[in-house]
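Okay, so here's the structure we're looking at.
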Amino acid sequence: MEHPLMLKPTSAATVDTKTGGLKRFFRLLWKQRALVLMSVPFVLWLFLFRYVPLWGWIISFQDYQLGKGLWDQEWVGFKQFEALFNEPRFWRALRNTIVMSFINLVLGFTTAITLALLLNELRQIVFKRVVQTISYLPHFISWVVAAGIIQVTLAPDGIVNELLLRLGLIKDELLFLGIGEWFWGIYGVSIVWKDVGWNAIIYLAAIAMIDPSLYEAAEMDGANRFRKMWHVTLPGIRPVIVVLLILNIGYLLESGFEPQFLLGNGMNMRYSENIDIFVLKYGIQLFNFSLAVAAGMFRTVVSVILLVIANSIARRLNETRLY
Amino acid sequence: MVRRWLVAMTAVVMVFALVLAACSGKKESSSQPSASPSASTGGQSSSSDQSGSRDKVTFRMFVAVQGEKDVNTNETVIGKILEEQTGVNFRIEHLVGDLQTKIGTMVAGKDYPDVLVPDDGIETVIKAGGFIDLTPYIDNDKYPNIKKVYGPYKNLMTWDDGKIYIFPFSVVVNDYIGDPNINQGAFWIQRRVLEWANFPKIKTVDQYFQLIEDFINAHPNEDLIGFITLTDGWRFFATTNVPNHLAGYPNDGEVMVDMNTFEARIYAGTEWDKRWWQKLNELNAKGLFYKASFTDNYDQYIANLTSHKVLGFFDYGWQVGNATAVLNDAARADPSQDGYRYFPLPVVFDENIKDQYLDPIGYVANRGFGITVNAKDPERIIEFIDHLLKEETQILLNWGIEGETYIRDSNGRLTRTQEMIDKMDQKFLEEYGFTVFDWDWPHWGSNSTLSDGNAVIPGMQPEVFQLSLTDADKKFLSAYGVKSYAELFADPDPRPWFPAWGIPRDEERQLFEALKGDVQREYLPKLVLSKPEEFESIWNQYVSALNRLDIAGYEKWYTEKVQAVMAKAQGQ
Amino acid sequence: MAEAATVTRRKRRHRFRMSLGDQIFETCNYLALILLMVVTLYPFLNTLAVSFNDAQDSIRGGIYLWPRKWTLENYRFVFEEASILNATLISVLRTVIGTVLTVFFSAMVAYTISRPEYVLRKFVTIAFILTLYVNGGLIPNYLLIRELNLIGTFWVYILPGLIGAFNLIIIRSFIENLPDNILEASKIDGAGDYRTFFHIVLPLCTPVLATVSLFTGVWQWNSWFDVFLYNSSYEHLSTLQYELQKILSFSQASIQRVDFNAAAAQGGIGQVTPYAIRATMTIVASVPIIMVYPFLQKYFVQGMMIGGVKE
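As they're listed, the protein sequences go chains D, E and X.
Counting in the numbering used here, the first sequence tops out at residue 323, every number present.
Counting in the numbering used here, the second sequence tops out at residue 895, every number present.
Counting in the numbering used here, the third sequence tops out at residue 1206, every number present.
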């Protein structure tokens, strides 16, 4: 099996590259050429498809007119950013974005993990499979259809009002989507309903990869169901949870678009309008791509800062980190 | 060993794939010319008029509105005839997703088709220099039909830079003929309400709501809804436009234009506006207004209109076509259901106001058909358009083929037999080509007439309209002493700038409209749903929110535009 | 090894029957999951019912679990489109090719960045992670694809989304989570990186690879925006989702044309409505991909037999 491309294991390779200098670095690189070959072509791909288009950020400093060349555009400095930051509605949209992302994060994580744990406790394999398959069905229904169903459900003659009236909890029908303060709640429930089954899949996979011998060992120690859940299952999927958490903290300024847009209306606008909708209304729909790009850059900056913070916290806590 | 090779290969597969893709991409794109290669010969000369013998050519057309299935025009009956006559076929593609995205990338990459109907993207395409200048073709004796149809509109068609970029759709040729149906704005009321009250004459909004209230009081157990309004997304204008109509103005968009001074004024925040919202506020206090109007989506709104429970609403006829079709079909199958259909009324604020619901002879400047700079053979397209605008071709496109889809009676009037109408379902219209050639092409505007006085559009022809009436329809119309629904409404006064929403707006104006719309989205529900004693303070908040916008600037800009159109129109 | 696992499982079940707490938990668990099923099954059943209900009748609302006026008209309307067959083929192709390439390449890169000794590890990792949060915007992306001559090609469905950073990080965290001794043992056995990747990592990571396949497959299957953006004029490359969007689009348009149509006398202009078509296309588009799930499911419903692979 000896072959030049087949490296000897480099297990002691946490070599100090700094002191070793460039030469040493390249020697190491050559030694690890298998790994290089397996990753570097894709980094090149990455630069081409993901980083090259970043030239587009330039247009956030311009008053971009479609059809003119990039360098023929009018330069406006920070005008687009000022337009954003001086608009009180933008800050409101930012607040709504963050709140809804946060709801998404907290609710999304807890419900998906809980579902995965509950499914894992089922010993009836058929039932388990059926629940799993059905619970992820709403993911395949587009938001337009889903929002339609939500609206019918919450309508004055919808089932929710009907139920509350029958139970005597309310006297008059409530206009659920007309009460701004409730929008976040409705949003939270909607996204959980739509994606909890889908989001649980990744945790189920993580649970599936836990070494069964750990359970056996726990059983030997006389651990009951809850102790095993707490001491084996949860720790087993913790790295995945942490990594996903960090990634999603970076997404704090992305709370999605469709549910807010479709369920939003004039009455709940103060709570439903997020950055995406703001940018759509005041950027894209007016063909003002510069504003849209400026908002995108703002997001990127915030995201990267959040990511770095989250990652360093994870490092302090000695958790799995992203990089 | 094998595995290793596999890895080595996959690692470079990407590079290969890229190269491959690049190559095949080139091939593909060169085999996708805007005009097929066979066209190249017919390019330079426009001298030959025997178009039938010329090479066949296919042009690509993009229509930036949701529309028909994507077809080759020569796959339809009418399109086939046109191809035989001119040798020209069009491959039509319609917008599927978001307009800004599609037009944005099209302009950025200069990937224009041969001809483009840009809809909302018109300003963008023109600014980017995407269209060729049509000026040389408009008033040119070589194109007599273009000259006949568009010549009189030349001034209006001219853009600020002195060039002409599009063939607009709304030009009237020969005498004007009105639509006997109400496809535009009206206050609608359930027919059984009118019958119950013995066909009263309803002129003012107070009478209208009083009638609804009386009817509900007389039918307390039916769980009826007095009035409903549409607020979903862009359709919100069906709610905001109402005070304008009640004040006796046609749908000029955000503004009402004074008939004496020709000044454009925003009506949001005016006394007219206040009167209407206060009226709805009172209605709501009486429990007659449907609260969920402000949260329902369009589907729910349509469902309500077909639920038999809604007595009244304001909307534009074309926007509720879906609901009226269901109600009409039900009434045709079972005449006892007729009372649930809706009847249009020209309601205004006061007795002394003349209603102006019917559209005046209008000219929409910002919608049209343009030839792009990528077009391989613009002359050939122009020739085709000239052919389209011939009177015979217009008959073919709208009426079809004599004996097949229309007949000519002894008086020379065009009409259809019941049998013909019955066979014209959606599929037939598509395959015949009626739906393909209905709107997105340079054509005689829908209110035009042929040289012998027949309507160009069958729907406008009184004989066809009469054929469409049921016995119940006739009963209602005769109770009000009219022959068509349009006769219930006052004739429109001439307004050369109409519709003011058809005047292309610049970025600042568009921004203003977006902001104004959001203020209204937020405050109108509050105005209507609040307790009557709170109305005044919310009204003040609403007005001060509006006043934070540059209303004066908007009105000034619009006034100038309106007056410029007036000048152009009078200059002819 | 496998036998031992079954034995323990049986033992476990036996022991659980004893505890009252367990029984309460069991009951609550079943109840909660049944409730969840009801809530999540409803939208699908509702959509199914609307898709089989007469379109004109549906717009009156009030369709819940069962059609009021049965019809196959909506499906006929969708499948009547001659382009559907070819579009489905393209959808299947892009889903299969896209998923296989994405999963394989992602796993490969993920393996490299899971190796602590790899000198470029941090660089590669960060380069990928950053792409989650940076975006040049619509137009630069479009112009790039255009410059690469990818417009009008099948590869435009595959190449731009080849490796998602998200999938990459997930796979990496699973690899890192493998018991250390397995990878170490393989190294001591003298296996190189290729061998470790193919013989140890790939088989052991089946659950996560199944998951990522599902994510990618569903994403590929549902994509229509790239067709809209790049290939809308190339009908032979259209996908099922895009064709369905088109059908929806003209069902929407046909309503608003009432007045211009020749047959002004007619009542029901089109037999279909956007509402019915949306429901029908949801079913048409989602059923095939939903069917795939049970096949992937076995990879993450049952635990892995790590020992089994080691042998």
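Positions of the beta carbon are idealized from the N, C-alpha and C atoms, including for glycine.
message = Could you tell me which whole alpha helix (DSSP H) segments of length 4 or greater appear in the stretch 806 to 852 of chain E?
response = You should have 830 to 852.
inquiry  = Can you tell me whether X/Arg908 is buried or exposed? The criterion is at least 16 other CB atoms within 10 Å of its CB, across all chains shown.
reply    = As a first step, residue 908 of chain X is located in the third sequence; it is residue number 13 there, counting from the start. Here X/Arg908 scores only 49 on pLDDT, less than 50, and its place in the model is too uncertain to base an answer on.
task = Consult DSSP for E/Ile715 and reduce its assignment to one of helix, strand or coil.
result = In the second sequence, residue 715 of chain E corresponds to position 392, counting from 1. In the sequence under discussion, the amino acid at residue 715 of chain E is Glu, which differs from the Ile named in the question. If DSSP states are grouped into helix, strand and coil, E/Glu715 belongs with the helices.
message = Using a Cβ-Cβ distance cut-off of 8 Å, determine whether X/Lys1141 contacts chain D.
response = Position 246 of the third sequence holds residue 1141 of chain X. No, X/Lys1141 lies away from the interface with chain D (no Cβ there is under 8 Å from its Cβ).
message = Beta carbons nearer than 7 Å to chain D: which residues of the stretch 827 to 840 of chain E have them?
response = Result list: Glu830, Gln833, Leu834, Ala837.
key: Outcome for X/Ile1008 when other beta-carbon atoms lying within 10 angstroms are tallied against a minimum of 16   = One-based indexing of the third sequence puts residue 1008 of chain X at position 113. By the neighbour-count definition (other C-beta atoms within 10 Å, threshold 16), X/Ile1008 is a buried residue.
ask   = In whole angstroms, what separates the C-alpha of X/Leu1027 from that of X/Phe1061?
value = The residue you call residue 1027 of chain X lines up with position 132 of the third sequence. The residue you call residue 1061 of chain X lines up with position 166 of the third sequence. If I take the Cα positions, the gap works out to 7 Å.
inquiry  = Pop quiz: X/Ala944 and X/Leu960 are said to be a contact at Cβ under 8 Å. What is the actual Cβ separation, rounded to whole angstroms?
reply    = Numbered from 1 along the third sequence, position 49 holds the residue referred to as residue 944 of chain X. Numbered from 1 along the third sequence, position 65 holds the residue referred to as residue 960 of chain X. Right, the Cβ-Cβ distance comes to about 6 Å (below 8 Å), so this counts as a contact.
query = Mind checking whether E/Gly635 and E/Phe510 have CB atoms under 8 Å apart?
reply = On the second sequence, position 312 is the one that residue 635 of chain E refers to. On the second sequence, position 187 is the one that residue 510 of chain E refers to. Cβ distance < 8 Å, so E/Gly635 and E/Phe510 count as in contact.
ask   = I think E/Arg664 touches E/Arg514, with their Cβ atoms under 8 Å apart; what is that distance to the nearest whole Å?
value = Taking the second sequence and counting its residues from 1, one reaches residue 664 of chain E at position 341. Taking the second sequence and counting its residues from 1, one reaches residue 514 of chain E at position 191. That belief holds up - the Cβ atoms of E/Arg664 and E/Arg514 are roughly 5 Å apart, short of 8 Å.
task = With a cut-off of 8 Å on the beta carbons, I'd call E/Asn645 and X/Ile1172 a contact; round off their distance for me.
result = Numbered from its first residue, the second sequence carries residue 645 of chain E at position 322. Numbered from its first residue, the third sequence carries residue 1172 of chain X at position 277. So it is not a contact: roughly 13 Å between Cβ atoms.
ask   = Does the beta carbon of X/Leu1038 come closer than 8 Å to any beta carbon on chain E?
value = On the third sequence, residue 1038 of chain X is found 143 positions in, with the first residue counted as 1. Yes, X/Leu1038 lies at the interface with chain E (some Cβ there is under 8 Å from its Cβ).
query = Given X/Ser1146, which residues of its chain have a CB within under 6 Å of its CB, disregarding the five upstream and five downstream residues?
reply = Position 251 of the third sequence, counting from 1, holds the residue named residue 1146 of chain X. Closer than 6 Å at Cβ, skipping near neighbours: Val1167, Pro1169, Ile1172.
ask   = Along chain D, which residues have their Cβ under 9 Å away from the Cβ of E/Lys614?
value = For the purposes of this step, residue 614 of chain E is taken as residue 291 along the second sequence, with counting starting at 1. Ordered by position in chain D, the residues that pass the 9 Å Cβ test against E/Lys614 are Pro156, Glu173, Leu175, Gly178.
query = Where do the N-terminal and C-terminal ends of the alpha helix (DSSP H) with E/Gly402 fall, by residue?
reply = Within the second sequence, residue 402 of chain E is the residue found at index 79, counting from 1. Where E/Gly402 is concerned, the enclosing alpha helix (DSSP H) stretches over 400 to 409.
D/Ile191 classed as buried or exposed, judged by whether at least 16 other C-beta atoms fall within 10 angstroms = Sequence index remark: in the first sequence, residue 191 of chain D carries index 191 (1-based). By the neighbour-count rule (16 or more Cβ atoms within 10 Å), D/Ile191 is buried.
task = Rounded to whole angstroms, what's the CA-CA distance from E/Asp473 to D/Gln285? Just pull it up for me.
result = Within the second sequence, residue 473 of chain E is the residue found at index 150, counting from 1. Within the first sequence, residue 285 of chain D is the residue found at index 285, counting from 1. Here the sequence assigns Tyr to residue 473 of chain E, which means Asp is not the residue at that position. So the alpha carbons of these two residues sit roughly 31 Å apart.
task = Going by CA-CA distance only, name the one from D/Ile309, D/Tyr271, D/Ser213, D/Phe127 that's closest to X/Met932.
result = As a first step, residue 932 of chain X must be located in the third sequence, where it is residue number 37. Closest by alpha carbon: D/Phe127.
ask   = Are the stretch 1100 to 1109 of chain X and the stretch 1117 to 1124 of chain X touching, with three or more C-beta to C-beta distances below 8 Å?
value = Contact between the stretch 1100 to 1109 of chain X and the stretch 1117 to 1124 of chain X is absent, with fewer than three C-beta pairs closer than 8 Å.
request  = Flag this pair as yes or no: are the beta carbons of X/Lys1017 and D/Tyr323 separated by less than 8 Å?
outcome  = The count along the third sequence starts at 1 and reaches residue 1017 of chain X at position 122. The count along the first sequence starts at 1 and reaches residue 323 of chain D at position 323. Contact flag set, yes.
query = Anyone know if the C-beta pair for E/Ile676 and E/Ala795 falls short of 8 Å?
reply = Taking the second sequence and counting its residues from 1, one reaches residue 676 of chain E at position 353. Taking the second sequence and counting its residues from 1, one reaches residue 795 of chain E at position 472. Not a contact, by the Cβ cut-off of 8 Å.
query = Mind checking E/Gln893: buried by the 16 CB within 10 Å criterion, or exposed?
reply = Here residue 893 of chain E refers to the residue found at position 570 of the second sequence. E/Gln893 should be labelled exposed.
ask   = Interface residues of chain D around X/Asn941 at Cβ under 7 Å?
value = For the purposes of this step, residue 941 of chain X is taken as residue 46 along the third sequence, with counting starting at 1. Correct list: Ile149.
Complete beta strand (DSSP E) runs within the stretch 30 to 80 of chain D (minimum length 3 residues, chain order) = none
ask   = Per DSSP, E/Ile551 is paired with what?
value = The residue labelled residue 551 of chain E in the question sits at position 228 within the second sequence. Answer is E/Phe636, bridged to E/Ile551.
request  = Provide the residue(s) that pair with E/Pro785 in DSSP beta bridges, ordered along the chain.
outcome  = Indexing the second sequence from 1 puts residue 785 of chain E at position 462. Bridge partners of E/Pro785: none, in fact.
task = For the beta strand (DSSP E) containing E/Thr381, list its first residue and its last residue.
result = Residue 381 of chain E sits at position 58 when you count from the first residue of the second sequence. First-last of the beta strand (DSSP E) with E/Thr381: 380 to 386.
Cβ shell of X/Ala899 (< 7 Å), same chain only, five flanking positions each side left out = In the third sequence, residue 899 of chain X corresponds to position 4, counting from 1. Per-residue confidence for X/Ala899 stands at a pLDDT of 43, beneath the threshold of 50, marking its modelled position as unreliable; the derived number appears in the next sentence. The answer is none, since no qualifying residue turns up.
request  = Assign D/Trp184 to one of three DSSP states: helix, strand, or coil.
outcome  = Against the first sequence, residue 184 of chain D aligns to sequence position 184. In the structure shown, D/Trp184 sits in a helix (DSSP, three-state: H, G or I).
query = Is any heavy atom of the ligand MN found at a distance shorter than 7 Å from the C-beta of E/Thr563?
reply = Of the ligands one can find in the structure shown there are none, so the ligand MN has no counterpart to examine.
ask   = So, D/Asn224 versus D/Asn96, is the Cβ gap smaller than 8 Å?
value = Locating residue 224 of chain D in the first sequence gives position 224, counting from the first residue. Locating residue 96 of chain D in the first sequence gives position 96, counting from the first residue. The answer is no: Cβ separation not under 8 Å.
request  = For X/Leu1124, decide whether its Cβ has a neighbour in chain E, counting only Cβ atoms nearer than 8 Å.
outcome  = For the purposes of this step, residue 1124 of chain X is taken as residue 229 along the third sequence, with counting starting at 1. With 8 Å as the cut-off, X/Leu1124 counts as an interface residue toward chain E.
ask   = Taking the alpha carbon of E/Lys746 as the point to measure from, which residue in E/Ile874, E/Tyr729, E/Asn734, E/Asp761 has its own alpha carbon closest?
value = Reading the second sequence from its first residue, position 423 is the one you call residue 746 of chain E. Of the candidates E/Ile874, E/Tyr729, E/Asn734, E/Asp761, the one whose C-alpha sits nearest the C-alpha of E/Lys746 is E/Tyr729.
request  = Please confirm if X/Leu1097 has its CB atom under 8 Å from at least one CB of chain D.
outcome  = In the third sequence, residue 1097 of chain X corresponds to position 202, counting from 1. Output row for X/Leu1097: interface = no.
Alpha helix (DSSP H) segments (min. 4 residues) lying fully within the stretch 603 to 676 of chain E = 621 to 628, 644 to 656
message = I'd like the list of long-range same chain contacts for E/Phe760, defined as Cβ closer than 7 Å, with 5 residues on each side in sequence excluded.
response = Stepping through the second sequence from its first residue, residue 760 of chain E is reached at position 437. Taken in chain order, the residues that qualify are Ile401, Leu720.
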